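Student: Got a structure here, written out as structure tokens. Questions coming.
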Amino acid sequence: MKQFFIAGTDTDAGKTLVSSALLHGFNERGFSTAAVKPVAAGCKKTSQGLRNDDALILQSVMSAEICYDEINAVALEPPIAPHIAAEKINLRITAEDLAKNCEHVFQKNYDITLVEGAGGWKVPLNDDETLADLVKELNVPVILVVGLKLGCINHSLLAFDAIKNDGLCVSGWVANQIDKDMTVVDENIETLKKRLACPFLGHIPFLNNPSAINASKFLDIDKLLL
Numbered sequence: 744m745k746q747f748f749i750a751g752t753d754t755d756a757g758k759t760l761v762s763s764a765l766l767h768g769f770n771e772r773g774f775s776t777a778a779v780k781p782v783a784a785g786c787k788k789t790s791q792g793l794r795n796d797d798a799l800i801l802q803s804v805m806s807a808e809i810c811y812d813e814i815n816a817v818a819l820e821p822p823i824a825p826h827i828a829a830e831k832i833n834l835r836i837t838a839e840d841l842a843k844n845c846e847h848v849f850q851k852n853y854d855i856t857l858v859e860g861a862g863g864w865k866v867p868l869n870d871d872e873t874l875a876d877l878v879k880e881l882n883v884p885v886i887l888v889v890g891l892k893l894g895c896i897n898h899s900l901l902a903f904d905a906i907k908n909d910g911l912c913v914s915g916w917v918a919n920q921i922d923k924d925m926t927v928v929d930e931n932i933e934t935l936k937k938r939l940a941c942p943f944l945g946h947i948p949f950l951n952n953p954s955a956i957n958a959s960k961f962l963d964i965d966k967l968l969l
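Here the sequence shown stands for residues 744 to 969, where the numbers follow the working numbering.
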């Protein structure tokens with residue numbers, strides 16, 4: 744059994760696309776898969792309650808049949824920073840509570856379980872804790888999703904250093920092109936390959952129709968099984 748935390752260099756780096764692509768790839772290899780989106784903002788009201796699009800995508804791709812509330816324990820309606828959205832409804836989010844939700848799914852013993860973050864590495868959960876504290880509670884390796892755009896080298900190096908300084912292992916990184924007009928893409932990737940001391944899992948080019956199936960073709964997930 745393996746668990747990974749999916750972190751992004753920023754909001755909209757492509758964490759859900761990469762997570763769903765990894766789930767699809769592991770499904771194709773015959774592994775049982777699950778995923779958790781422990782906290783999500785920007786959820787929509789439905790007849791079943793608040794629902795987050797990213798969490799629903801994960802639910803649709805994973806092989807496990809898990810109820811929505813187990814996947815996304817804290818669903819917040821405003822599309823703003825989670826700690827601010829939580830304050831508006833007098834809710835206190837803690838790393839310990841989120842970790843318990845994740846560990847509940849871990850205990851189901853699926854071959855692969857992914858935990859997708861919200862925003863970047865240091866997104867606050869409350870006045871004292873950030874999302875990084877959740878990962879430290881879980882003590883699982885991290886996969887870093889780099890959103891390829893101008894400035895991504897700096898963002899990536901800062902995120903990588905922050906993860907390592909928090910005492911966590913980075914199992915690999917993915918280059919996900921979010922700016923279709925970005926120049927010198929290959930040079931940016933080569934620069935990061937030299938500076939990020941972890942396996943390079945692949946480059947997802949800009950996709951007009953992004954999907955788990957399309958994106959999984961560009962990932963070398965076997966590196967995560969070593």
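For glycine and all other residues, C-beta sits at the position ideal for the given N, C-alpha and C. Bear in mind the structure is a predicted one, so any value in this text is a computation, not a measurement.
Between the Cα of residue 876 and those of 850, 855 and 843, spot the shortest distance and give me the residue it belongs to.
Tutor: Within the sequence shown, numbered from 1, the residue matching residue 876 stands at position 133. The shortest C-alpha separation from residue 876 is found at 843.
Student: Per DSSP, what kind of secondary structure is residue 907 in: helix, strand or coil?
Tutor: By 1-based counting over the sequence shown, the position of residue 907 is 164. Helix.
Student: Rounded to whole angstroms, what is the Cα-Cα separation between residue 740 and residue 817?
Tutor: This structure gives no information on residue 740, because the portion of the chain shown stretches from 744 to 969.
Student: Consult DSSP for residue 802 and reduce its assignment to one of helix, strand or coil.
Tutor: Residue numbering aside, residue 802 sits at position 59 when the sequence shown is read from its first letter. In the structure shown, residue 802 sits in a helix (DSSP, three-state: H, G or I).
Student: Would you mind reading off the limits of the alpha helix (DSSP H) that contains residue 766?
Tutor: Here residue 766 refers to the residue found at position 23 of the sequence shown. That run of the alpha helix (DSSP H) goes 758-771.
Student: Which residues share a DSSP beta bridge with residue 916?
Tutor: Residue mapping note: residue 916 aligns to position 173 of the sequence shown, counting from 1. The partner list for residue 916 (beta bridge, DSSP) reads 887 and 943.
Student: Relative to the C-alpha of residue 766, which candidate in 850, 927, 746 and 755 has its C-alpha closest?
Tutor: Residue 766 sits at position 23 when you count from the first residue of the sequence shown. Among 850, 927, 746 and 755, the Cα nearest to that of residue 766 belongs to 746.
Student: If we ignore side chains and look at the alpha-carbon of each, how far apart do residue 925 and residue 892 end up?
Tutor: The residue given as residue 925 occupies position 182 in the sequence shown. The residue given as residue 892 occupies position 149 in the sequence shown. Going by the C-alpha atoms only, they are around 6 Å apart.
Student: Can residue 889 and residue 899 be called in contact, C-beta distance under 8 Å?
Tutor: Numbered from 1 along the sequence shown, position 146 holds the residue referred to as residue 889. Numbered from 1 along the sequence shown, position 156 holds the residue referred to as residue 899. Closer than 8 Å, so yes.
Student: Restricting to Cα atoms, I'd like to know which of 854, 799 and 919 is closest to residue 951.
Tutor: Within the sequence shown, numbered from 1, the residue matching residue 951 stands at position 208. Ranking 854, 799 and 919 by Cα distance to residue 951 puts 919 first.
Student: Are the CB atoms of residue 764 and residue 902 nearer to each other than 8 Å?
Tutor: Position 21 of the sequence shown, counting from 1, holds the residue named residue 764. Position 159 of the sequence shown, counting from 1, holds the residue named residue 902. Against a cut-off of 8 Å, the Cβ pair of residue 902 and residue 764 comes out as no contact.
Student: Please list, in chain order, all residues of the same chain as residue 793 whose beta carbon is under 8 Å from its beta carbon, the five residues on each side excluded.
Tutor: Position 50 of the sequence shown holds residue 793. Result list for residue 793: 786, 787, 818, 819 and 820, in chain order.
Student: Is residue 849 helix, strand or coil when you go by DSSP?
Tutor: For the purposes of this step, residue 849 is identified with residue 106 of the sequence shown, where counting begins at 1. Residue 849 falls in the helix class under three-state DSSP.
Student: Can you give the Cα-Cα distance for residue 804 and residue 749, rounded to whole angstroms?
Tutor: Here residue 804 is taken as the residue at index 61 of the sequence shown, counted from 1. Here residue 749 is taken as the residue at index 6 of the sequence shown, counted from 1. Those two C-alpha atoms are separated by around 16 Å.
Student: Output the boundary residues of the beta strand (DSSP E) element that contains residue 824.
Tutor: Within the sequence shown, the letter at position 81 stands for residue 824. Careful: residue 824 lies outside any beta strand (DSSP E) and carries neither H nor E.
Student: Under DSSP, the alpha helix (DSSP H) around residue 938 begins and ends at which residues?
Tutor: Here the question's residue 938 lines up with position 195 in the sequence shown. 928-938 is the span of the alpha helix (DSSP H), which, as asked, contains residue 938.
Student: Residues in the same chain with beta-carbon distance under 7 Å from residue 774, minus the five sequence neighbours each way, listed in chain order, please.
Tutor: Within the sequence shown, numbered from 1, the residue matching residue 774 stands at position 31. Only 854 and 855 meet the Cβ criterion.
Student: Which of the three DSSP states is assigned to residue 857 in this structure?
Tutor: Counted from its first residue, the sequence shown places residue 857 at position 114. In the structure shown, residue 857 sits in a strand (DSSP, three-state: E or B).
Student: If I'm right that residue 969 touches residue 768 with Cβ under 8 Å, what's the distance once you round it to whole angstroms?
Tutor: Residue numbering aside, residue 969 sits at position 226 when the sequence shown is read from its first letter. Residue numbering aside, residue 768 sits at position 25 when the sequence shown is read from its first letter. That belief does not hold up - the Cβ atoms of residue 969 and residue 768 are roughly 15 Å apart, past 8 Å.
Student: Is the segment 921-935 touching the segment 854-871, taking contact as three or more C-beta pairs under 8 Å?
Tutor: No, they do not touch.
Student: Taking 8 Å as the cut-off, does the segment 828-835 touch the segment 755-762 (at least 3 CB pairs, one atom from each stretch)?
Tutor: No: fewer than three Cβ pairs fall under 8 Å.
Student: Is DSSP giving residue 874 helix, strand or coil here?
Tutor: The sequence position of residue 874 within the sequence shown is 131, counting from 1. In this structure, residue 874 counts as helix in the three-state DSSP scheme.
Student: Taking the CB atoms as reference points, tell me whether residue 945 and residue 860 lie closer together than 8 Å.
Tutor: Start at 1 with the first residue of the sequence shown, and residue 945 comes out as number 202. Start at 1 with the first residue of the sequence shown, and residue 860 comes out as number 117. It is not a contact, given that the beta carbons lie outside the stated cut-off.
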